[in-house]
Amino acid sequence: MFKEVNHSRLKVDGLSLAAGKALFVDDMDFRELLIVKFMKSPHAHAEILSIDTSAAEAFPGVHAVIHHGNTPRIPHTTAGQGHPEPSPYDTYMFDKKVRYVGDPVAAVAADTAEIALEAIKLIKVEYKELEAVLSIADASKPGVPVIHDEEDSFGIYDREKNLAGHVDVKVGDVEKALADSEFTVEYEIETHYSQHTPIEPHICISYLEEKGRLVIRTSTQVPFHVRRICAKVLEMPEKNIRVVKPRIGGGFGTKQEVYLEYYAGMITKLTGRPAKIELTREEEFISRTRHPMAVKVKLGANGDGMLNAVEMDVISNTGAYGSHALTVMFNAGSKCLPLYGAKNVRFNGSTVYTNLPVAGAYRGYGATQGYACLEQAMDILAEKLKMCPVQLRKINHIKKDETSPIFAALGEGKEGVPQFIKSTALSEIIEWGEEGLNWSDTKPHTEKTGRIRRGKGMAIFMQGSGIPLVDMASASIKINDDGSFNLNVGATDLGTGSDTVLSQIAAEALETTTDNIIIYSSDTDMTPFDVGAYASSTTYISGGAVKVTGEEVLKQIRMVAADMLKCSREEIELKNSIATSKKDGKTKTYGDIAKYALYINNQFQIGYIGSHISPVSPPPFMGVFTEIEVDTWTGKIEIIKYMCGVDCGTAINPKLAEGQVEGAVVNGLSYALTEGYLFNKKGKMMNGSFQDYKIYNIEDVQGLEIKLFSTFEPSGPFGAKSVSEIGINGPIPAIANALYNAVGVRAVRFPMKPEYILELMEK
Amino acid sequence: MENFEFISPITIKGAVSQYKKGANNYYLAGGTDLIVLMREGILVPEKIIDLKTAGLPSGIKKLKTEIRIGALATLSEIEHSSFIRKEIPFLAEAAGKLGSPLTRNRATIGGNLCNASPAADTATPLIAVGAKFILSDGKKERRVKAEEFFKGVKQTVLKKGELLKEIVIPRSAGKGIFYKKSRIKLVDLATVNMTVYREKKKYRIVIGACHITPLRIRAAEEKLNKAKKIDLALINETAEIVVKTIKPISDMRGSAEYRKQLVETHVARLIGELAGVEV
Amino acid sequence: MKIRLKLNGSWREFEISNDDTLLHVLRDELRLTGTKRGCGNGECGACTVILDGETVTSCLVLAASVDGSSITTIEGISPQRGLHPIQEGLVANGGVQCGFCTPGFVVSAYDFLSKRESFTMDELKRALSGNLCRCTGYKKIVEGVVAGAETMGKEIEND
């Protein structure tokens, strides 16, 4: 059906990446480059009484020392979201107060990193230590210190209670429906801190171009938001800033944060010299993290298993600053609750400040945390109902042409938009998993004995595709003499393969081949606007922009071809870079057409800039079926099989789409089973290295079976929906359900380390 | 890293005399631990003395009654040595489970031992097999038993400047099993590690990462060595003695309690395997 | 101090500082930027190079200690034009996403495959276990290296 999309074309940047020739931020040379290092707070909560940088400034090789006393004080958010951001403006380049261990106190720019670090030792800071808030439970207790008591921050829901954000949304009457239900379940869990750990840590280099404008070359997911936020914080007009994203080494949400670029920009502004900031791995761990959440779910159903009521209470911990504070919490509800068709739904969410590392966007974005509880609660309900958990999902999950009131009630930090499901393969996925795992043979844990016990678990999921009526993307396409096309997009390829996917969409729309598309992306001077790579939006939203742009360019090609071939536009057939007149069979290549338009007659540049927003955010769906082994002596969980079926509409590039799911799943497995932060009593993260914070390596991956289920989403480019985030939601609930099936215990804290499993079994 | 003097001595004697010239000098073997500590500013050496040029032995030698492993032999060499794999397979396994292959290609057994981490992977098999370490101060050599080498966390019997030169392992027909538990399959420090060794019906039990040094549990060994018959009950009693003897700490790799549970389970399993008793 | 290295086949002499790591010399001084810095502690494998026939994390090697050694970086493995079969296999099988870890994986796989005619999957995975990737989930990296190995005429044994 398709010629270019839905085929696994080779990654357009694959050759240079594999050869090690592709240029990342740090792979270009800059003369007179300054290295910037941070002096970081040793306290979780303290006031800075005085700061003396004179010795550091006098240190040979030091070129600038910046701190709260000599930089502009502009309240902003680092969240890297669209304007106006739904996150509170509670962050400053530097403040007189520090709010977590690692909060920047000063930055030193020097000729070398060693000099900068030496100079930092010479800065004298007098702190007044304040009581620190180190848990969700403590954050809103009466009498606890107020973390954001500064006067000029705004958008904070209730600063006295350390509440960054809050929402309470009701549809129907949940209380009554719960009271009326024959069966009810109440279940509560708390998810944990974790970090994205892109192999390339955050890095940026800023410099002045020949006209004196500031250029920031940065490892970001959101170049246009970087420009806007830097302009604000640096008090510069946007026109004087250019942001360029070269190849970047993974992001997963953490590079949606805009919080290094303005420090580098400040140094360049002050010194006129290029400045580089590269986080160490240890710093990366306390850069931005996943919001830990306490999630409580109540379900009510009658004997037939139909859900009457679903209630979800969430308290999210945003750490010291409210980056994505409101929206990640909202998404725990908005991405989970529409999955089931209860008429009575309530979502009550709060986000609290603590004096712990700052949370932010992380693949899954709240859905991961919400599903960790919801999908365990569904299994508990099934058990109460004496119903197969698969059957319970089958009768309750949202189906084609159905809607959920939650779509309209909960959006991105505000109300959402109503929408109906127009594409779903969830039913087929569930059947595939049921069969593949021999679900009918599943025995309850009470029938299992012996040291090693096997258990099966399943869970189902949905996510979204971009933020409806908010996310905007655009693309420009122009033809070249030889019939090739320049495709310029604001969209950000952070390793996902979006440059390839967008090239394929352009080729399909333009009736040409992908190798005729020359893509250039993510450069605020050169490419049209795009919100950036987040909210699973790139294929769906940016892809939509490329498609409409391609179609407009195709119209122009048709027009010129008709002129050349002396026939009507309707008589022109366009295929494989050739225009054929149906009248007489004569042909012109795209090269002929381009040259004609550029040089011969009625000259003009065939080209167009198109934009796209979507009124809906069609969810991709996923079913996970897993079988595990639990060693009852050591508590160790071993994955025997992990089946994961995903409906992402049309997979524009099946191989890359599979890769997105596999990467998300393995990240999720590692998050579910090994990753976690260890804090000391003063709120300092103690395991900030790959030696102490373990992520999966190649030997830890086994039993994965990933399958894409094709559907056609009418609102998406060539039927596509999103794919990149959903996979990470699966491991916690699916494995937790399998754990219960194996040994009869329920995990409420994470990761599910062997030690914790033993502890649960001993209770 | 702070700058330091880099010295490439050509004899052991030269290395030792350089070392003794200051209070803050360090020997460099593989460097996989040393450089991390220097990078983090935990160690600020005045001199780094490269042992590779100093004539410290590096290979694995098979003699009639003993095996000699040079202090500079890398973990990879030991892991892949067909000879070690055949004769002391549990040492090859321990070496092969230390860090990643990239680390093992560089890290040396001498470095692993002299670092004296309670979790050093090569320590428990060497203690169990009755290895001796040849130490040199550039003039004289002395031999110490592996189990007497460790004195505490990062502490050994080495005198100032003294070097671990060679490891001597008696050739014997004993059988041993190494076990290591880490948080992911491999490429991690040990939560616990251990070797149980049996030779002529005599057992040696050595537990790592559960005390300030790797620890030989003699009381437990005696229990087994004195018994006429080893059965499940005796193994469980032995495991209990082991657990009572160790004093693990709680850290990010596991709590003290969990370490005890791991040791109890696995020491019993290892003894059972060697004794031919189903555990 | 001065050191001599046989770098990607040719002998070269460099002025280095005692505290320079091999990674620093390769990446920051010689600007062989295919070798990446991901952690600086020998724990991610992005800086893998072959040193005297063995793969090492170049961030944990003091340049001063490898005077006279032979070093192969990703630049020494990539042909002038096109790709090595391992690189081709990785690209064709989706084993490259962001590509930041890829040079390290290629170096590890190259060293592993060039030393044997046949291997088991367990051996291969063991050889790559010092290289971390956060994008792919590793499955397609394994498939890619296996495809490369087949092109190179290597045999895969059962585990």
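In the order they appear, the protein sequences are chains A, B and C. Be aware that the first sequence starts at 311, since it is given in my numbering, and climbs by one per residue. Be aware that the second sequence starts at 517, since it is given in my numbering, and climbs by one per residue. Be aware that the third sequence starts at 19, since it is given in my numbering, and climbs by one per residue. Ideal placement from N, C-alpha and C gives every residue a C-beta, glycine not left out. These numbers come from a predicted model, not from an experiment.
Touch test, the stretch 935-948 of chain A against the stretch 964-975 of chain A, Cβ-Cβ under 8 Å, three pairs minimum: Output reads no: the stretch 964-975 of chain A does not touch the stretch 935-948 of chain A.
Touch test, the stretch 722-739 of chain A against the stretch 658-667 of chain A, Cβ-Cβ under 8 Å, three pairs minimum: Between the stretch 722-739 of chain A and the stretch 658-667 of chain A there are fewer than three C-beta pairs closer than 8 Å, too few to call the two in contact.
Near-chain A residues of the stretch 700-711 of chain B - C-beta to any C-beta below 8 Å: I700, K701, L702, V703, D704, L705
Beta carbon of C:C62 nearer than 9 Å to that of A:I433: no
Alpha helix (DSSP H) runs contained entirely in the stretch 138-165 of chain C, provided each spans 4 or more residues: For secondary structure counted as the alpha helix (DSSP H) over 4 or more consecutive residues, the stretch 138-165 of chain C holds these complete runs in sequence order: 139-145.
Reduced DSSP category for A:V607 - H, G, I as helix; E, B as strand; rest coil: strand
Against chain A: residues of the stretch 776-794 of chain B by CB proximity under 7 Å: Q777, L778, T781
Local Cβ density within 10 Å of C:R45, reported as buried at 16 or more and exposed below that: C:R45 is buried by the Cβ-count criterion.
Chain-ordered residues of the stretch 680-698 of chain B with a beta carbon less than 9 Å from chain D: The structure shown contains no chain D; the protein chains it does contain are A, B and C.
9 Å Cβ cutoff, A:N977 in contact with chain B: The beta carbon of A:N977 does not come within 9 Å of any beta carbon belonging to chain B, so the residue lies off that interface.
Contact with chain C by A:I950, beta-carbon distance below 9 Å: no
Proximity test, Cβ basis, 9 Å: B:K568 and chain C: yes
Exposed unless 16 or more other CB atoms sit within 10 angstroms - verdict on A:M953: buried
Chain C contact residues for B:I551, given Cβ-Cβ distances below 9 Å: Against chain C, a Cβ distance below 9 Å from B:I551 picks out T39, N59, G60, C77, L78, V79, L80.
CB contact below 9 Å: C:T73 versus chain B: The beta carbon of C:T73 falls within 9 Å of a beta carbon belonging to chain B, placing the residue at that interface.
The stretch 593-601 of chain A touching the stretch 531-540 of chain A, judged by at least three CB pairs closer than 8 Å: no
Residue span of the beta strand (DSSP E) that contains B:E582, given as start and end: 582-586
Against chain B: residues of the stretch 1007-1029 of chain A by CB proximity under 7 Å: N1007, E1009, D1010
C-beta contact flag for A:T661 and A:A635 at 9 Å: yes
Buried or exposed by the 16-neighbour rule on C-beta atoms within 10 Å, applied to B:D653: buried
CB contact check: B:I564 to chain C, cutoff 9 Å: Chain C contact via Cβ: present.
Start-to-end residues for the beta strand (DSSP E) that takes in B:N709: Taken as a continuous stretch (DSSP letters only), the beta strand (DSSP E) holding B:N709 covers 708-715.
Cβ contact check for the stretch 486-506 of chain A and the stretch 584-591 of chain A: 3 or more pairs under 8 Å: no
Other residues of its chain near C:T138: CB distance less than 8 Å, five sequence neighbours each side excluded: Here the set comprises I174, E175, N176, D177.
C-alpha gap between C:E31 and C:S87, whole angstroms: 11 Å
Check whether A:L908 and A:D791 have beta carbons under 9 Å apart: Result yes, Cβ atoms of A:L908 and A:D791 sit closer than 9 Å.
Integer-rounded CB distance, given that A:S924 should sit under 8 Å from A:G854: 6 Å
Partner residues on chain B for C:M170, Cβ-Cβ distance less than 7 Å: Correct list: empty, because the minimum Cβ distance to chain B is about 20 Å.
Chain C contact for B:G627 (CB, 9 Å cutoff): no
A:W742: first and last residue of the uninterrupted alpha helix (DSSP H) it sits in: 736-746
Of the residues A:V322, A:T401, A:E439, the one placed nearest A:A354, counting alpha carbons only: A:A354 has its Cα closest to that of A:E439, out of A:V322, A:T401, A:E439.
Cβ-Cβ distance between B:T590 and B:A623 below 9 Å: yes
Closer than 9 Å to chain B by CB, A:P602: no
Continuous beta strand (DSSP E) stretch holding A:G854: start and end: Taken as a continuous stretch (DSSP letters only), A:G854 belongs to no beta strand (DSSP E), being part of the alpha helix (DSSP H) at 853-875.
Boundaries of the alpha helix (DSSP H) in which A:M639 is found, first to last residue: 635-644
Residues that A:E593 contacts on chain B, provided the C-beta gap is smaller than 7 Å: Those within 7 Å of A:E593 in chain B number zero; the least Cβ separation is about 13 Å.
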